[in-house]
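Have a look at the structure below, then the notes.
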Amino acid sequence: MTDELRRRLSGAATSVAPRLLGAVVTSSVGGARVAVRLTEVEAYEGLDDPASHAFRGRTTRTAVMFGPPGHLYCYFTYGMHWCANVVCGVDGVAAAVLLRAGDVVDGVDVAFARRPAARRPADLARGPARLATCLALDAAQNGIDLLAVDAEVQLGGVAARRPRTLATGPRVGITAAAHRPLRFWVPDAPSVSAYKAGGRKQRPPRPAD
DNA sequence: AGGACGATTAACT
DNA sequence: GTTAATCGTCCTC
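Those letters in the first sequence? Residues 63 to 271, per the numbering used here, in order.
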């Protein structure tokens, strides 16, 4: 693929992300059915997005992000949490949408069992790791095809239940390219996470300098 | 081979 | 408001 073509294909995540608001992710992992209607997402592009896992090129972890669209990209972070993305670039161009929050619309009892700390329904999938926990997403679901008819995790209702209005703003918890308004959410949805700016503790300069 | 840090959460004061 | 938990990944030496 030429650099020119790659450039022209960039921006897929930014274009797709707002269209996923209102879409429903359904999981049958573990034999129980849980479904979440998305209220908050973030776009992550590829080589031109310093905040993206794919920024430094294809690695073992990010291979799925560089693959064909419609697949699930799950990653492990902070030594304990899983988060999930929908890959949305053409094969060979990294792009993905982080699923940040949603409303549990099916399997509420199962979701509460998986999320004992949640006090009310709006807290079940309020935050990317919480959402992944509700749907039981982890390494075993990384790379699965969300559009396959028999997939354990499926994506439905894209662009069919779009909210009438949506809000945009900076992405949560990142330090690079923090100004880009690539976070999209349903205004006033109780399941939308509180904004927390990314920050890095100042690192002391190395002694040798 | 070693170490910093992270697309976070829950439990504190 | 702060902080511990906890480990894979990636950068640096």
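For every residue, glycine included, the Cβ atom is placed at its ideal position computed from N, Cα and C.
Quiz item: Among residues of its own chain, excluding the 5 on either side of residue 94, which ones have a beta-carbon nearer than 7 Å to its beta-carbon?
Solution: Correct list, in chain order: 169, 172.
Practice problem: Look up residue 231 in the DSSP assignment and give the residues it is bridged to. | Solution: When beta bridges are read from the DSSP output, residue 231 appears opposite 245.
Quiz item: Where do the ends of the alpha helix (DSSP H) carrying residue 77 lie?
Solution: Run containing residue 77: 74 to 82, per the alpha helix (DSSP H) assignment.
Practice problem: Taking residue 72 and residue 104 to be in contact with their CB atoms under 8 Å, please state how far apart those CB atoms are, rounded to whole angstroms. | Solution: Rounded, the Cβ-Cβ distance is 16 Å, inconsistent with contact.
Quiz item: Which residues in the same chain have their Cβ closer than 7 Å to the Cβ of residue 158, if we skip the five residues on either side of it in sequence?
Solution: So the qualifying residues of the chain are 75, 106, 127, 135, 147, 148, 149, 150.
Quiz item: Counting along the chain, where does the alpha helix (DSSP H) carrying residue 71 start and finish?
Solution: Per DSSP, the continuous alpha helix (DSSP H) segment holding residue 71 begins and ends at 65 to 71.
Self-check item: Proximity below 8 Å, CB of residue 243 to CB of residue 252
Solution: Contact: no.
Quiz item: Between the beta-carbon of residue 98 and the beta-carbon of residue 196, is there less than 8 Å?
Solution: Against a cut-off of 8 Å, the Cβ pair of residue 196 and residue 98 comes out as a contact.
Quiz prompt | Backbone CA spacing between residue 285 and residue 236 [nearest angstrom] | solution = The displayed coordinates of the chain run from 63 to 271. Any statement about residue 285 would go beyond what the structure contains.
Practice problem: Rank 220, 250, 239 by C-alpha distance to the C-alpha of residue 229 and give the top, closest one. | Solution: Comparing Cα positions, the closest option is 250.
Practice problem: Note down, in chain order, each residue of its chain lying with its Cβ closer than 6 Å to the Cβ of residue 115, except the 5 sequence neighbours on either side. | Solution: These residues qualify, in order along the chain: 124.
Quiz prompt | Spatially closest choice to residue 138 from 84, 200, 132, 117, by CA coordinates | solution = Of the candidates 84, 200, 132, 117, 200 places its Cα closest to the Cα of residue 138.
Exercise. Take the Cβ of residue 119 as the centre, count every other Cβ of all protein chains shown within 10 Å, and call the residue buried at 16 or more, exposed below.
Key: Classification for residue 119: exposed.
Quiz item: Since residue 138 is in the beta strand (DSSP E), which residue starts that stretch and which ends it?
Solution: Secondary structure note for residue 138: its beta strand (DSSP E) is the uninterrupted segment 134 to 139.
Quiz prompt | Paired residues, beta bridge with residue 170 - DSSP | solution = DSSP output for residue 170 lists no bridge partner at all.
Quiz item: Helix or strand or just coil, what does DSSP make of residue 237?
Solution: Residue 237 sits in coil when the DSSP states are folded into three classes, being neither helix nor strand.
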